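Structure record follows, encoded as structure tokens.
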Amino acid sequence: VVVKGIRRSLQASSEVKRSAQGVVDAITADDIGKFPDTNLAESLQRITGVSINRSLGEGSQVTVRGFGPDFNLVLLNGRHMPSAFLTGGAPSSRSFDFGDLASEGIAGVTVYKTGRAAIPTGGVGSTLNILTARPLDAPGMRFSLGAKAVLDTSTTTFDDRSVTPEVSGIFSNTFADGKIGVAIAGSYQDRESGQATFGTTS
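Going by our numbering, the residue at position 16 of the sequence shown is 2; the numbering climbs one at a time, nothing skipped.
This is the structure:
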């Protein structure tokens, strides 16, 4: 019996939490290219003790157990993620913007709320490990395509275009009896936004 869909995703997440050492939560995709939300931060807020910071209406950074984004370490397949927030020539913060990653290529996110010797140190609040889709984990040819349009009424300039397109997809295939795998993922989004401000210089 093969269980697929949302039920399978919940079972996989529960299994990660059950077999892990320490306090661990996880979100897994029920199939390739089928992460629960289009934004990783939006999915992470489903986990107990995790809240998100929003930027222009979309989830951007995460807060875990009351510790802000500066106190959470983000890994990609077990390796440190670089920070894009710079002052001068060095990163000024370890916080990571989850809007920079397309959710179509993500297979799961694991949140370690307690320290472990097997993972890098540096996360005071938590350590978040983002797992990308790997073709050898799901042998055979698989693909997923998605398209949608976002109606954004926050801006009325830029040729008065309020409907913005979003197209995404992922293709995965294995060769040589499952010994070689290739995965290609892509995402395109064209969105215009604005912010009204008022200030004085002196």
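Don't be surprised by glycine CBs; every beta carbon is placed ideally from N, CA and C.
Nothing here was measured: the structure is a model prediction, and the numbers come from that model.
So what does residue i bridge to, in DSSP terms?
i    : result
L30  : None; L30 has no bridge partner.
T96  : A12, N115
A6   : In the DSSP output, where bridge partners are listed per residue, A6 has none listed.
S173 : S154
A135 : P151
Between residue i and the rest of its own chain, which residues show a CB-CB distance below 6 Å, the 5 nearest in sequence each way excluded?
i     : result
G45   : N25, A27, E28, I38
F21   : A15, S89, I92
V9    : K99, T100
P67   : The residue you asked about is not Pro; residue 67 is Met in the sequence shown. Once the five neighbours on either side are set aside, the close Cβ partners of M67 are V60, F82.
G75   : Because the pLDDT at G75 is just 48, under 50, the model does not fix this residue reliably, and the value given afterwards should be weighed accordingly. If we look at G75 and ignore the five residues flanking it on each side, it has no Cβ neighbours.
A133  : V153
T113  : L59, Y98, I105
L(-5) : In the sequence as presented, Leu is not what sits at residue -5; that position holds Ser. Excluding residues within five positions, the ones whose Cβ falls inside 6 Å are T14, D16.
A6    : none
Are the beta-carbon atoms belonging to residue i and residue j less than 8 Å from one another?
i    : j    : result
G101 : N58  : no
F157 : F129 : yes
T118 : N63  : yes
S81  : P106 : no
V97  : V50  : yes
G126 : F53  : no
Between the options, which has its C-alpha nearest residue i's C-alpha?
i    : options                : result
V36  : N63, G43, V95, Q(-3)   : V95
R32  : G43, T150, D11, R40    : D11
D17  : E152, P121, T150, T186 : P121
G164 : D123, V153, T186       : D123
D176 : A6, Q7, R40, A135      : A135
L131 : G172, S112, V149, Q7   : G172
N115 : G52, G126, S188, V48   : V48
L42  : G19, T186, I166, A182  : A182
D86  : V168, T34, Y174        : Y174
Grab me the residues of residue i's own chain with a C-beta within less than 7 Å of its C-beta, minus the 5 sequence neighbours each way, in chain order.
i     : result
G(-1) : Per the sequence shown, the amino acid found at residue -1 is Ser instead of Gly. Correct list, in chain order: A12, I13, T14.
R4    : none
R40   : S46
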